[in-house]
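Trainee: Right, I'll just put the structure down here and ask away after.
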Amino acid sequence: MEMGWKTEVDVCVVGAGHAGCEAALACARLGLETVIFTVSIDSIALMPCNPNIGGTSKGHLVRELDALGGEMGKNIDKTFIQSKMLNASKGPAVHSLRAQADKADYSRAMRKVLENQDHLTIKQAEVCELLWEEPDNGSDSGEKKKRIIGVKTFTGAVYECKAVVLCTGTYLRARCLCGEAITYTGPNGLQAANHLTDSLKKMGIEMRRFKTGTPARMDKRSLDFTKMEEQKGDERIIPFSFSTDPETIQKDQVSCYLTYTNEKTHKIIRANLDRSPIYAGIIEGTGPRYCPSIEDKVVKFADKERHQVFIEPEGLHTNEMYVSGMSSSLPEDVQIAMYRTVPGLEHCKIVRNAYAIEYDCINARQLKPSLEFREVDGLFSGGQFNGSSGYEEAAAQGLVAGVNAAMKILGREPLIMDRSESYIGVLIDDLVTKDNREPYRMMTSRAEYRLLLRQDNADLRLRRRGYEIGLVTEKQYQEVLEKERLIKGEIERLKSVKVGTNHVIQDFLKKMNSAPLKTAVSLSELICRPELDYEKIAEIDPSRTPLPSEIIEQVEIEIKYEGYIARQMRQVEQYRKMEKKKIPENLDYDEVPSLRLEARQKLKLFRPISVGQASRISGVSPADVSVLLVYLEHYNNSRK
Amino acid sequence: MRMETETIAAIATGMTEAGIGIVRVSGDDAMNAVDSIFKFSGEKKQLSKQLSSVRSHTIHHGYIVDENEEILDEVMVTVMKAPNSYTGENTVEINCHGGPFVLRRVLEEVLKKNVRLAEPGEFTKRAFLNGKMDLSRAEAVMDLIQSRNEWARKASVKQLRGSLAEIIKRERSEIINEIAFIESALDDPENYSLVGYPEKLFGKVENWEKEIKQLIDSADCGRLLKEGIDTVILGKPNVGKSSLLNLMTGEDRAIVTEMAGTTRDVLQESVLLHGISLNLMDTAGIRSTEDAVEKIGVKKARNLAKNADLILYVVDVSVPLDENDREILSLISSENTILLLNKSDLNAMVEEKDIREMIAEANLPQGDHICVIKTCTLNHTGMEELEQKILEMFFLGKIRNDDEVTITNLRHKEALEDVCFSFNNVKKSIEDQLPEDFFSIDLMGAYATLGTVIGEEVGEDLVNEIFSKFCMGK
């Protein structure tokens, strides 16, 4: 047996991308000795694809992460160069914050946080092997699981630990494709991790292969922005983090630019499809449908005459521009030809070519909702390794995986959020319950209770959770309690203050083009009218006391959408009842009579933790769920 | 996922034509729900008494009324309070006497009171989950749930006529397409705009709603219950059609003379037969005629026959069959016709075999199944047999002697009404100028509910639709 350096810690986090950073920070902040491994210190919190954080539904994830005590929101508040609230004209549930990041700054700022975090060590090394104990059949506990005991690096060093969090992103056996040219590297030419997959397979973990892609980066000086539409940031910047004072982040912003592909572009692509590794069948991994390469867009949406292309800065101190909407794995010569057909890009110089990347990951149905492997005690995972995509999705899982590794070591209850609590809950439930066949991206339409899961109330929803875990300070928690109190008080006031049919009121309503009153109504009833709102009725509400804008926002949403919100709350109530019906981890589905064959197979594969989760597995019918309920009743009673 | 604690109801006895049956209501709100449709007999009690305040295990006499306070049936109501009932929950059993259709009407009224239709085997499931049943029976309960469910599913599919399923499938695909568009615009707002969209959607929703309402109305059962069975009396002049109508309605509504061609227009009258109403239509006798007014009457009769649920074809056995009978045969089908050999007191020129021969010649599909009855309107014979046949046709034929089938049918109706409710919500949201993301909440509700009618789940439909129809992402 080879000898190497050996040390002992609590948690090993493998990978220092967006998931790894959150996982490591969570563990260290909860007082556990933590090591975070990365193949390159310079790639901590790297943004190898789009230069922004947030966006529709992803903005929600960042807010929730922040409310729980994560770092991403704070980090983007420090390093953004443009900010926009998307869907501002639509309902509050779909408002989504998105900020352009200075990529280098973002990475550097996060590295600084990691470097200065107590109990956290950064280690540049490739983890090649996981160390585990086989189940001890003689033990009385009946526990027949493998147990993680450490990791081993390429240089032979052994880190003994109580838990491992895998956040390997797109690095496992990574392969980059640019037409016929194939390199065996991770993103941005970084070293791939080629050994860990074998170790995972040896443990009995099932691996799969996904792919994703990124567009070219261009030299700003070679682009003609006069031929594009300028896209500015919002005038009033709203921070991601609930801890960031908005006044401190108002600053000059840089613009993005919008241009379009055209028939010429599409013609070049079509003529060269045979040279695309995807269409030539060289790529074996499954790519995402929501983030198609420009080749895919042209083939699948052949009737579309043009596609949007956003030109976005990669940072303040670089001339590199990101060509959003045109990711590709076509050969370099085709890339140049096609990009140059786009208005404003006629003379573009490509700094980095577009490429597709293939990598090993897992089917997350092997995980419990705590993100711990069902079959390996102490092994957790998060991020793209779990089959998701996106920085925000990764960070959210990283935090949950990290927290739960800590909870396990500390002997506390795992952090499991359900679909009615957070987008993070939806994300993880989808990952571990559904048969995902492509990299998973968050969307607001995936959240059935999205009216309740707004980005504006993430603190009200989750600060308590973060506080209980220990990642949110007493002060932050008290602030939320105070906020709750103010909102409740103001809503009660607006519901109790009535206005009558006197001239003052009727004249006011006439002025606002609002129907006159027939009988006295409460102020909240007036706010409900589409043409009125909290601010507009100020002049007929003299008893009001000035309130912070975030309180007014909540009051207004709760009043205006009360009916819908109440309806969703009722649905949530029903939903939670089924979530509360837990299924024992070692339930033998072969013992459950009357289950249909398909349901039995699926249940054995996914091993849901609750009847609610079981009901969401495709192939499990309502009758199967009823059968399961009856069986569990029988099971529980006969064990009393 | 349907929930455990909702109050549920179903017909707890088989749908036999015996006439007596029980509607069982179980759940927290069982008493309240029935209270709102139950009137105690006796004026004093009506004012002071409520089922929710009576003692457990007591029986009460009274009436079930609909929302217009019309009495549906005289009933005995048994109240059993939790946990001392079959299911272990608050339970009310309504013992009805008015026959299968009244039973269904009573159930329908209950379902309007925030009560939902029980799933197959659900009473038993609840009984088990509430500890009212020995653990050793768990397996039997699971079998029952699964087998009943399979049965209901098959029955449901069988019952859905092709066209109904087609309409629902098409409408569903249209709905999901709109949701996908809205969601794409919410997901990629810089790419898809919703400006001017709400107005467009409003029109679409109105059309969908109209279509579903038509489905509800045309769904055999729903319509038959609400509007009754359209029954057309056909026959040559002076065979006794009007006498039949008078006999069935019990009043001299139609003018009966011995002169052929007296009924020139259509007479209509409703009668109640074991709880279901027959809309009887007496028509002008069918014959080649030169009389202009009579001609119109004959034409009308033909049209009515085309849309009838039931045709009573009256033949005068004292007059030989002729061309006009052949003409009438071309208007009927074997499924909806009862043939009456009338004036059976007179010397018969026509026997059952004669008319059967003619039917065979006319090549009527399954003509040998046509039911033939001998009647005499003059001395009222054959009337009982006629009523019996009608009942068989509609109670035991179309709506078979099987509670699960009836239940599935009602389930469809309940679902379609839910869908209309969702459409209404969408329209209201549009009128109230709510943001577009609110529309997809109720559209999705309609989509999912329509899916339950044709046995399709929602699953990943939306995400798949978004990706297949809209070019998403950067």
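These protein sequences, in sequence, are chains A and B. Taken in order, the first sequence gives residues 60 to 699; the numbers are from the numbering used here. Taken in order, the second sequence gives residues 314 to 787; the numbers are from the numbering used here. For each residue, glycine too, the CB sits at the ideal point set by N, CA and C. The model shown is predicted, which means the values in this text are computed figures rather than measured ones.
Could you check which residue in A:T324, A:E417, A:D392 has the C-alpha nearest to that of P347 (chain A)?
Mentor: A:E417
Trainee: Ignore the nearest five residues each way along the sequence and tell me which others in G695 (chain B)'s own chain have a CB closer than 6 angstroms to its CB.
Mentor: I686, K687, T688
Trainee: Buried or exposed: which applies to G535 (chain B), given that a residue is buried once 16 or more other Cβ atoms fall within 10 Å of its Cβ?
Mentor: At G535 (chain B) the pLDDT is 47, less than 50, meaning the model places this residue with poor confidence and gives no usable figure here.
Trainee: In three-state DSSP terms, what is F736 (chain B)?
Mentor: Here F736 (chain B) sits in helix by DSSP.
Trainee: If you scan the region 198–274 of chain A from start to end, which runs of the beta strand (DSSP E) of 3 or more residues do you find wholly inside it?
Mentor: 205–212, 217–219, 222–225, 234–237, 240–242, 266–273
Trainee: Who are L414 (chain A)'s beta bridge partners in DSSP?
Mentor: The question names Leu, yet the displayed sequence has Tyr at residue 414 (chain A). Y414 (chain A) is bridged by DSSP to A:T273.
Trainee: How big is the Cα-Cα spacing for E543 (chain A) and R206 (chain A)?
Mentor: 43 angstroms
Trainee: Residues in the region 394–422 of chain B with C-beta within 7 angstroms of chain A's C-beta atoms, listed in sequence order?
Mentor: none
Trainee: Which value, in whole angstroms, describes the spacing of the CA atoms of E308 (chain B) and E484 (chain B)?
Mentor: For residue 308 (chain B) there is no data in the structure shown, the boundaries of chain B being 314 and 787.
Trainee: Under three-state DSSP, which class holds I480 (chain B)?
Mentor: helix
Trainee: Closest Cβ-Cβ distance between G764 (chain B) and chain A: below 8 angstroms?
Mentor: no
Trainee: Is any beta-carbon of chain A found at less than 8 angstroms from that of D447 (chain B)?
Mentor: Closer than 8 angstroms: no.
Trainee: Quick check: the Cα distance between L469 (chain A) and Y450 (chain A), rounded to an integer number of angstroms?
Mentor: In a straight line, the C-alpha of L469 (chain A) is about 28 angstroms away from that of Y450 (chain A).
Trainee: Would you mind reading off the limits of the alpha helix (DSSP H) that contains G548 (chain A)?
Mentor: 533–555
Trainee: By how many angstroms is the C-alpha of I100 (chain A) removed from the C-alpha of R170 (chain A)?
Mentor: Between the alpha carbons of R170 (chain A) and I100 (chain A) lies a gap of roughly 8 angstroms.
Trainee: Based on Cα-Cα distance, which residue from B:K608, B:C784, B:L729, B:K445 lies nearest to A478 (chain B)?
Mentor: Checking every option, the nearest Cα to that of A478 (chain B) belongs to B:L729.
Trainee: Between G76 (chain A) and G228 (chain A), what straight-line distance do the alpha-carbon atoms span, to the nearest angstrom?
Mentor: 7 angstroms
Trainee: Just checking: is the beta-carbon of P589 (chain A) within a distance shorter than 8 angstroms of some beta-carbon in chain B?
Mentor: yes
Trainee: Can you tell me the Cα-Cα spacing of F414 (chain B) and A325 (chain B), whole angstroms?
Mentor: 14 angstroms
Trainee: In terms of residue numbering, what span does the beta strand (DSSP E) encompassing A160 (chain A) cover?
Mentor: Looking at the DSSP string, the run of the beta strand (DSSP E) that includes A160 (chain A) is 155–160.
Trainee: Of all the CB atoms in chain A, is at least one closer than 8 angstroms to the CB of I641 (chain B)?
Mentor: no
Trainee: In angstroms with no decimal places, state the Cα-to-Cα distance between G553 (chain B) and H725 (chain B).
Mentor: 40 angstroms
Trainee: Let me know if H366 (chain A) comes out buried or exposed under the rule of 16 or more other beta-carbons within 10 Å of its beta-carbon.
Mentor: buried
Trainee: Taking 7 angstroms as the limit between beta carbons, can you name the residues of its chain near D683 (chain A), skipping five residues before and five after?
Mentor: L654, R655, A658
Trainee: From the DSSP output, in three-state form, read off A163 (chain A) for me.
Mentor: Residue state for A163 (chain A) is assigned as helix, using DSSP reduced to three classes.
Trainee: Can you check which of these residues, A:A78, A:Y230, A:E192, A:G113, is closest to K221 (chain A) by C-alpha distance?
Mentor: A:E192
Trainee: With distances taken between CB atoms, is the gap from I333 (chain B) to I377 (chain B) smaller than 8 angstroms?
Mentor: No, these two residues do not count as a Cβ contact at 8 angstroms.
Trainee: Is the separation between the beta-carbon of V435 (chain A) and that of K261 (chain A) shorter than 8 angstroms?
Mentor: no
Trainee: For T307 (chain A), does the count of other Cβ atoms within 10 angstroms reach 16, so buried, or fall short, so exposed?
Mentor: exposed
Trainee: Between Q312 (chain A) and S142 (chain A), how many whole angstroms is the CB-CB distance? I'm expecting something under 8 angstroms.
Mentor: Confirmed, about 7 angstroms.
Trainee: Let me know the secondary structure DSSP gives E92 (chain A) once reduced to three states.
Mentor: Coil, per DSSP.
Trainee: Is the Cβ-Cβ distance between A187 (chain A) and A82 (chain A) less than 8 angstroms?
Mentor: The sequence as given places Cys at residue 187 (chain A); Ala does not occur at that position. Going by C-beta atoms, C187 (chain A) is not nearer than 8 angstroms to A82 (chain A).
Trainee: Buried or exposed: D649 (chain A), going by 16 or more other Cβ atoms within 10 Å of its Cβ?
Mentor: With fewer than 16 Cβ atoms within 10 Å of its Cβ, D649 (chain A) is classed as exposed.
Trainee: Just list the alpha helix (DSSP H) runs in the region 339–367 of chain B, keeping only unbroken ones of 4 residues or longer that don't cross its boundaries, in chain order.
Mentor: 343–348, 356–361
Trainee: Please list the terminal residues of the continuous alpha helix (DSSP H) segment that includes I135 (chain A).
Mentor: 131–138
Trainee: Pick out whichever of A:R399, A:T345, A:S383 has its Cα sitting closest to the Cα of D419 (chain A).
Mentor: A:T345
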